[in-house]
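Below is one structure, written out as C-alpha cells; the observations come after it.
Residue numbers (UniProt numbering): 1 to 204.
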C-alpha cells in the first residue's frame, strides 16, 4: 500500500514540478503518516504549519522529520492513484481516486482476521472534511461532509473487529449490478464467498 502511494505521489510531483521534484520514498511517506497521527494525538490538526514549525515554540519532532516546505509539498501532492487515468475510471467508479488502496486495505484485513460464526453487518457515517463525489450526509456543511461506510464485524466476542469495509457510492458494484441497501444484496455483493457458503449450508 505504501509503495503505491509513493509511486502515485511521485507521478503527481513530477507532473507539477518536472525535474525539480525531489522523489519521495516509503520511509518518507511513513514518516508523513506518523506526523499526521502525531497531530491528531496532540489535537494540532487545526494549528497552522507556521506555528508548528516555529523554531522557538514549535514541535521539535516535526522539525526533525521534515522541513515545513517539504511537508507542505507532500500534503499538496500526495496521491493514491494515477491522476492521468482517473477520469476514465471515475466513469465506472465514483470511488476511483482511492479504490486501489481501499481494496488493498480490505485484503490486509482478510489476511489478518478469520471471521467467527457470529457476524454482524453494520453501517457507520465517517466524518470527511475533504471533497466527496458521492452521497453526503450533511451536504449543507461542506467542510464536514460524511461519507457512509458499511463495516462487517465479528460480534461473537466482547469487542468487535472489522474485517471488511464497503463504501456506498450509489453506483453499480464491482460485478456491474446496481447496489441497493438491502441485507441480501449488501452481503452477497461484498462478501460472496462467506455469504454463499453459509447460504448453501442452510439449504436455501
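Every residue gets a Cβ at the ideal spot worked out from N, C-alpha and C, and that includes glycine.
Residue from the options whose Cα sits closest to the Cα of residue i
i: residue 122; options: 65, 162, 8, 59; result: 162
i: residue 164; options: 113, 95, 26; result: 113
i: residue 60; options: 85, 39, 169; result: 39
i: residue 31; options: 87, 53, 66; result: 66
i: residue 71; options: 102, 125, 33, 120; result: 33
Beta-carbon separation (whole angstroms), residue i vs residue j, contact threshold 8 Å
i: residue 79; j: residue 27; result: 18 Å between Cβ atoms; not a contact.
i: residue 68; j: residue 49; result: 5 Å
Close-in-space but distant-in-sequence residues of the same chain around residue i (CB under 6 Å, 5 per side omitted)
i: residue 109; result: 163
i: residue 13; result: 21, 77
i: residue 29; result: 2, 5, 6
i: residue 175; result: Annotation note: pLDDT 47 at residue 175 (below 50); position unreliable, no value reported.
Residue range of the unbroken alpha helix (DSSP H) whose run includes residue i
i: residue 105; result: 99 to 112
i: residue 73; result: 68 to 77
Terminal residues of the beta strand (DSSP E) in which residue i lies
i: residue 23; result: Premise fails: residue 23 is in no beta strand (DSSP E) and is neither H nor E.
Residue i versus residue j - alpha carbon distance
i: residue 83; j: residue 97; result: 8 Å
i: residue 74; j: residue 19; result: 16 Å
i: residue 106; j: residue 56; result: 43 Å
i: residue 111; j: residue 118; result: 18 Å
i: residue 24; j: residue 11; result: 10 Å
i: residue 35; j: residue 52; result: 11 Å
i: residue 94; j: residue 127; result: 18 Å
i: residue 116; j: residue 47; result: 43 Å
i: residue 88; j: residue 58; result: 43 Å
Cut-off 8 Å between Cβ atoms - residues of its own chain near residue i, not counting five sequence neighbours on either side
i: residue 100; result: 4, 80, 81
i: residue 16; result: 77
C-beta neighbour in chain B for residue i, strict 7 Å
i: residue 117; result: No chain B is present in this structure, which holds just one protein chain.
Same chain, Cβ closer than 7 Å to residue i, neighbours up to 5 away in sequence not counted
i: residue 45; result: 39
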